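Here is the structure we will look at, set down as structure tokens.
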Ligand code: URA
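Numbering (our numbering), first residue to last: 422 to 631.
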């Protein structure tokens with residue numbers, strides 16, 4: 422059991438995150454920054470991809486060169502805000518297979534209920550990266566990963582932009598085998614389930630909705 426948490430403290434990530442947090446940052450800038458930051462976070466979350474060697478010929482000689490091993494990885498976006506992280510990571514890994522999980526919160530039980538799930542085949546053989554910008558209560562992330570495990574996924578990583586300590590704890594209790602990569606673990610959740618200081622509603626800010 423890894424129970425692994427990586428906070429990406431690279432200066433570019435932290436600078437871009439600060440710009441995203443500012444309340445007057447426009448929708449267009451927010452989206453652009455999210456795209457840029459997702460490339461940098463994507464670099465970190467794929468650090469442990471398995472490698473093999475391939476015999477190639479350079480213009481000078483032959484060599485055994487490192488190359489990614491195994492099936493194409495699976496990127497799973499938790500709708501809708503996950504799509505903001507997805508675009509940048511797909512630029513980094515254009516051959517990745519992509520899935521979507523949609524969950525809503527039942528107003529009576531407050532538990533996440535699946536309304537959409539379309540994921541790549543053979544998840545058991547793929548590294549699976551689940552993306553959602555905000556790890557708040559952790560309820561939807563835990564439910565999405567439950568679902569992916571039920572469909573066979575075994576090597577899962579979770580990527581978010583911001584996390585609350587409550588969400589990290591919930592994820593690590595439910596899925597201690599799933600490493601979490603984030604740009605920041607903020608102070609807490611408020612009574613409305615927002616991350617504080619946070620950046621507000623990530624979906625609204627990236628899509629310009631209210
Ligand atoms: N989802 C968001 O978009 N923002 C939060 O602060 C918490 C959950």
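A virtual CB, placed ideally from N, CA and C, is assigned to each residue, including glycine. Since we're looking at a predicted model, the values are computed, not measured.
Asked	Found
Cut-off 7 Å between Cβ atoms - residues of its own chain near residue 490, not counting five sequence neighbours on either side	471, 472, 473
Three-state secondary structure (DSSP) of residue 518	strand
For residue 440, the three-state DSSP class (helix, strand or coil)	helix
Residue 547 - DSSP class collapsed to helix/strand/coil	coil
Cα-Cα separation between residue 568 and residue 485, rounded to whole angstroms	39 Å
Cβ-heavy atom distance, residue 592 to the ligand URA, below 7 Å	no
Residue 606 and residue 586 closer than 8 Å at C-beta	yes
Straight-line gap, residue 589 to residue 426 (C-alpha atoms, nearest Å)	8 Å
Nonlocal neighbours in the same chain, by C-beta distance under 7 Å from residue 460, ignoring five residues either side	509, 512, 513
Per-residue DSSP class, three states only, for residue 599	coil
Per-residue burial, residue 476 [other beta carbons within 10 Å of its own, 16 or more giving buried]	exposed
Burial state of residue 530, where buried means 16 or more other Cβ atoms lie within 10 Å	exposed
Anticipated Cβ contact below 8 Å, residue 620 with residue 583, distance rounded	7 Å
The ligand URA heavy atom lying under 7 Å from the CB of residue 612	no
Distance between residue 456 and residue 432 (C-alpha atoms, nearest Å)	16 Å
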